[in-house]
Structures are given as C-alpha cells and as structure tokens.
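Undergrad: Numbering (the numbering used here) for the sequence shown: 61 to 621.
By construction, the Cβ of each residue, glycine as well, lies at the ideal position given by its N, Cα and C atoms.
Here the structure is a predicted model, which means the values were calculated and not measured.
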Amino acid sequence: MTIHSAVIQKLLRTNAHLGRRVAENHFKIYTYGSRNGLTIIDSDKTLVCLRSACNFIGHLASQNARFLFVNTNPVVDEIIEQMIINTGCKNDTSWRLGGFLTNRFSPKRFRSRNQKFNLTSVNRPDCVVIFDTERKSSVILEATRLQIPIVGLVDPSMPLETFKKITYPVPANDSVQFVYLFCNLITKTIQYEQKKLAAAKGNVVKEVEPKIGEAALPAGTIKIDGVNDELTVLSYKGLSPASDDPTEIKELLEKLVVVKINDNKGTKMGFDGPKSAIEIANGLTSLDLLANYIEVLNSKYGCNVPLLLMNDDSTHDETLKIVEKQSNKNIICLVKDQHQENDVKIAFDQREALLSLKKSGKLDDLLSQGKEFILMLNSDNLAEVVDLNILNHVIKNKIKYCMEIEERFRIATTMNTWVNINTIANHPETKLFGPPIAVTIPVSQNLPVEDTSDLLIFKSDLYTCDKGILIRNEARINPANPIIELGPEFEKVADFESRFKSIPSIIDLDILKVSGDVWFGSGVILKGLVSINARPGEKIVIPDGAVLDNKSIDDQQDLSE
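1) Where residue 241 and residue 250 are concerned, what is the direct C-alpha to C-alpha distance, given to the nearest angstrom?
2) Measuring only the C-alpha atoms, how far is residue 357 from residue 363?
3) Leaving out five residues on either side along the sequence, give the residues of the same chain with a beta carbon under 8 Å from the beta carbon of residue 522.
4) Look at the alpha carbon of residue 420 and the alpha carbon of residue 373, and state the distance between them as a whole number of angstroms.
5) Give every residue of the same chain whose Cβ lies closer than 6 Å to the Cβ of residue 340, excluding the five residues on either side of it in the sequence, and list them in chain order.
6) Measuring CB to CB, does residue 294 end up less than 8 Å from residue 503?
7) Would you call the CB atoms of residue 330 and residue 554 closer than 8 Å?
8) In angstroms, rounded to a whole number, what distance separates the CA positions of residue 126 and residue 188?
9) If you draw a straight line from the alpha carbon of residue 309 to that of residue 514, how long is it in whole angstroms?
10) Just to confirm, is the Cβ distance from residue 76 to residue 223 under 8 Å?
11) Mind checking residue 134: buried by the 16 CB within 10 Å criterion, or exposed?
12) So, at 8 Å on beta carbons, what are the nonlocal neighbours of residue 410 in its own chain, with the 5 sequence-adjacent residues on each side left out?
13) Could you round the C-beta distance between residue 600 and residue 613 to whole angstroms and report it? I think they count as a contact, below 8 Å.
14) Using three-state DSSP, classify residue 218 as helix, strand or coil.
15) Helix, strand or coil for residue 174? Go by DSSP, reduced to three states.
16) Does the region 456 to 468 come close enough to the region 420 to 431 that 3 or more CB-CB pairs lie under 8 Å?
17) Got a sec, what are the start and stop residues for the alpha helix (DSSP H) residue 352 sits in?
18) Report, in whole angstroms, the separation of the C-beta atoms of residue 443 and residue 507, which I expect to be a contact under 8 Å.
19) Note down the Cα distance separating residue 604 from residue 618, rounded to an integer number of angstroms.
20) Distance check for residue 257 and residue 142, CA to CA, integer angstroms please.
21) Taking C-beta to C-beta, are residue 501 and residue 464 nearer than 8 Å?
22) Taking all protein chains shown into account, decide if residue 138 is buried (16 or more other Cβ within 10 angstroms of its Cβ) or exposed.
23) Going straight from the alpha carbon of residue 277 to that of residue 106, what length do you get?
24) Would you call the CB atoms of residue 38 and residue 391 closer than 8 Å?
25) Helix, strand or coil for residue 612, going by three-state DSSP, please let me know.
26) Mind reading off the beta-carbon distance from residue 367 to residue 525? Whole number of angstroms is fine, and I expect it under 8 Å.
Here's what the structure looks like:
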C-alpha cells in the first residue's frame, strides 16, 4: 500500500467525504458523485485543499500574524479551545457581536459628547478561520468587506455567493473527527513556525518540518502529550527483524513481562464495570483474549511471559471475577497507587503503575526471574501486541524507554510502551531516563475498542478470533474497515446488544449510518453505502435475512421497495 493510499484511508475515517446533500454546480469540482441523496466528496481534493490552507496559515504564522477562530458548534468547542491554548492565540469572542469588524468606528459621535466606540476586537485579525461556515455567513460578509482572507470548511449545502468569499476552502464534512484533525494540523503548523521564529532569535529548537499527509515519519523528532522530551522517531520498516529461530525467540520472550493498565471503566459505553470486561467475540472479553494470547505465546515457544493487571479500586473486584476463569494462566492482579506529581517523563497512568510495582516489591521479583523489559498496554488492543521486532530492537540497543505510536497526519497517538525494568528499579522517579524513542507501527497492529461502532465491526464476520487475537477476514477486498456511525440509541452496550438479533454481515459494507429507533433481525447483510434514519416517533425493523445494498431507508415502507 502506498503512503498516499494510507493517507486517504485515514482521511476517510473522519467521514470527511460525506456531504450533506447533492452538490450544486459550483461544488462539483470537489466531488466524485452522489449516492442516496448524499454527495461523496473527493478525498484527494480535500487533501490538496488542506495542504494549501495549512501552507497559507503557516506563512502568516511565520510573520506573527493574528488569527481569529470562529465556531458556533458546541460539540467541538473544547477541541478548538485546546488548539487556541496550544498555539497561544488570543481567544477573542467579539465575533459573536453583529458588525464586530465593520462597526469599529461607528457611532463616531453622540449628541451629548464626542466619543468613539470600539465594538470590535483589540486588533484586526490577519486571517479568519471558520469551522462551521454555513452558520456564520455574517462573519464571512464582514471579513470580505475588509479584505481579510478566510479559511473555512465548505460542503455541498453552501450557496455560491458564500462559497466565492472563502479564500481557502476545505471541502469536507464538519464531523467532530475531521474538525479534530484540522485543528491538530493548524496547531502543529503554527507551533512549527513559532519555533522557527524562536530559533531565529537565538533559541535552539530541534524540529522536523511538517509534511501534511505523511502516514509515517522517517527518523526524526515529534512531541507527544505526557512526554517532556522530544522523541526520536524510528520507522517500523527500518527495524532489524528478529530471528526466526524458536530458541532465540524464546530467549527474547523470557526477558519480557506484559503489564495491562486496567483502570479504564466502560461508563462511556454505558457499561458498569471495567472496559476490558465487555464481551467481544464468542463470549470472550478483551481481557480473556489477552490472557489466551499470552498463553498461546508461552505454549508455542516454551517460555514464561507473565501478565500483570494493574487495576484501580473501581475495576479491581470485577477484574478478579474474570481472572478466576483463567486460573490456569500466569496472571497477577495488583492495585496501583495514586500519585499527584506532574514533572514526569512518561504518561501519568504508566507512572502510577510503575511506582506501584516498585512499592510492592514486584519489580525486584521480576528482576530475580531474569526479566528485563515491561511491555505496558494502555488500551484494549485486540491485535497482536507483542512485537518481536521491537522487543529485539530495545534489548539489542539497550533502550530504556520506547513508545509505539500510530502516526495520523502528524498527530501521534500513544499506544504501548516498552520500559527497562532496571531503570525503574534504580530510578523509580523515572526522570533519569535517557532520551526516549518512538516507533511508528502499522495501522493493522492497533485495534482498540472505543465505542459500540467498534464493537459492531469486531463482532461481525469481518473479524474472527484466533489464538487470542482478531484476524481480519481475507474475503474483504477494501483494505479499510467500514465507516460506521450509530446514533445515541446504540451508545450503551446493553442497548446495542438488544437492537441486534445477530450482528449483520459487513464484508462488503463501505459506510453505515444509523439513527433513531432502528432494530435489526438475524442474518442481515449490508453492502456499499447504507443509511437508515428513523424519524422521531417512528420505528424501523430490518427483517431477518434482509440484504441492503447501497440503500437509504427513512421508513418501514422503504424496505419493501
């Protein structure tokens, strides 16, 4: 797969290509066509426009320009506020007043006194960035009148008169995922230019110039939340492969301990218990799958890789009930201590877990058993988590701390980490680590469970459980997983399970959007682009054995057509 293909897949995951309606003539230059009343936006065009917009923003940032960020969608307020904080831009909300720009010197006089009113921001912006362009046409009119360039998201519903006023349009669906991506691109672009300005003034700054659309970085440096130092980034393909000799593999694995940070509750998914206790496949939870995977690893190579579960008070009791079913496996449960120190080099949850291991004496026990490295799992990853190539690299090169990251448009998502046990045992404060490194890993090695949409994918015929990990069905031609959006009626695990008699077949599914009171029968097959929208007060039941192929359903009668 080419880098360009990987980038387009990542863009598709944000639903950027889903327009709200059939496009007007002026928007068709950005589209592939339409399906079921929805415009399909060309992701290549979106990528080109993203690059142009970020290059323009970067050019202005290099000149210390002033930006005004405009948004009226409360769902993404927090994302934009965080971007404003990270870039150090002024959070000016005066745009909420009508005439915030053009009323600057009006009224000039009052009959009772001579006085000028300033009804605008302190400084006129050099650029206006609008995230919900359709709803802030007044800002567009005023910025155009003053010849202020506008960067804005555009979609097929935008009238031509408004569209022509956008200097740098970005054709995309303003979904939360895409706004998050766009904000991160803006943040990284501005921060990069700010660091260049600082370096020009005599401050040494080590930074790799951003390239929008990179799927994986070559060796370079990036910055990750929770890590105080810049990370040296290595490409996974550049690692020396581990030996195929079972004896040498056993020797590597004998030095490893797997630690699962198990403090994540499933409250976001309406589940009263640890997230790792949610059933994934064949009656097995993600914790069961992990335990089975470790057991298969030990059995295959004749090694002893223990699994340590670091629980907190809210997840410990429920986890013990799951572990009781795995009594024949080498699983140890501990409760991690709570610490409130901030100046640390590694992520907060990891620090708690490591200090708990040190305090309980478990680190000394592990060292006495010949263990050298801890693999810390931060999420319920259903893919193969022990990567022999990375393990071989950290052992051979005596790395003290290594992160696995999945690079998404330069937004680094921390996954698993490898930590040298001797370093923790001798320096429990973890501030004395050498420069940390990171390895970019393939997308296929990260299968997290974030919401019920992920559950639908992993429970379906798209994946099968084999030896404790999920294997993708080779019958699917499309290398990307389907894009699935389930309405709030499916948000809780119990509601999700009750609305499906059985999980539909999604081997040939591209996009599924479900909203309202919708119920699925057994043996349902979904293909192509499927949209099911039950109006308020109405109910739609998908009958047993139904085949929905590129179909839009708005009421029960649509199923009989």
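TA: Looking at the coordinates:
1) 14 Å
2) 8 Å
3) 532, 533, 536, 541, 542, 566 and 567
4) 16 Å
5) 346 and 518
6) no
7) yes
8) 9 Å
9) 33 Å
10) no
11) exposed
12) 321, 436, 438, 477 and 479
13) 6 Å
14) coil
15) Here the model assigns residue 174 a pLDDT of 42, short of 50, so the residue's position is not dependable and the matter cannot be decided.
16) no
17) 346 to 361
18) 4 Å
19) 15 Å
20) 22 Å
21) yes
22) exposed
23) Low confidence applies here, because residue 277 scores a pLDDT of 38, under 50, leaving its location unreliable; read the following figure in that light. Taking the straight line joining both Cα atoms gives about 21 Å.
24) The requested residue 38 is not part of the displayed model; the chain covers only 61 to 621.
25) strand
26) That pair is no contact at about 18 Å.
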